[in-house]
Amino acid sequence: QVQLVESGGGLVQVGGSLRLSCAASGRISAIDAMGWYRQAPGKQRELVATIARGGSTNYADSVKGRFTISRDNAKNTVYLQMNNLNPEDTAVYYCNADFWPPYRNYWGQGTQVTVSS
19 QVQLVESGGG
29 LVQVGGSLRL
39 SCAASGRISA
49 IDAMGWYRQA
59 PGKQRELVAT
69 IARGGSTNYA
79 DSVKGRFTIS
89 RDNAKNTVYL
99 QMNNLNPEDT
109 AVYYCNADFW
119 PPYRNYWGQG
129 TQVTVSS
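The numbering used here puts the first residue of the sequence shown at 19, with every later residue one more than the last.
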């Protein structure tokens, strides 16, 4: 079994920064893509950013230039540095990762990020 455990969420004021971490543990052979998604109240879960094992990244337009995703393959950990936060960034942030072989996809339990004005 594999677990993804997020940390780093919390309450921050507009313009502030937070760094989320997500560590994978358990029976891991290899991890392919890792990513962050978020879900605000009353809205669907949406992509925030993804990063391939080789380091190529993809961002939602709403976070480009403010958020940076990175990973440490040796630690099986993915990070999300969030700068210049605004109230629209308030959501539960979920970590997601593709494991293989065989192919499996897992979600973390989520961590709350609240941006107050």
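Glycine included, every Cβ here is placed at the ideal spot set by N, Cα and C. Remember, predicted model here, so these are calculated numbers, not experimental data.
Nearest to residue i (by Cα), restricted to the options the options
{"i": "Leu38", "options": "Arg122, Trp118 and Tyr55", "result": "Tyr55"}
{"i": "Ile69", "options": "Val20, Met52, Lys61 and Gly60", "result": "Met52"}
{"i": "Gln21", "options": "Ile46, Gly28, Leu29 and Gly27", "result": "Ile46"}
{"i": "Asn114", "options": "Tyr124, Thr108 and Gly44", "result": "Tyr124"}
Residue i (DSSP reduced to helix, strand or coil)
{"i": "Ala115", "result": "strand"}
Neighbourhood of residue i by C-beta distance below 6 Å, restricted to the same chain and skipping five residues each side
{"i": "Ser134", "result": "Gln31"}
{"i": "Leu65", "result": "Tyr55 and Ala78"}
{"i": "Asn76", "result": "Thr68"}
{"i": "Arg71", "result": "Asp50"}
Length of the line joining the Cα atoms of residue i and residue j
{"i": "Ala48", "j": "Phe85", "result": "25 Å"}
{"i": "Leu103", "j": "Gly34", "result": "6 Å"}
Residue i, enclosing beta strand (DSSP E) - first and last residue
{"i": "Val30", "result": "Gly28 to Gln31"}
{"i": "Ser134", "result": "Thr129 to Ser134"}
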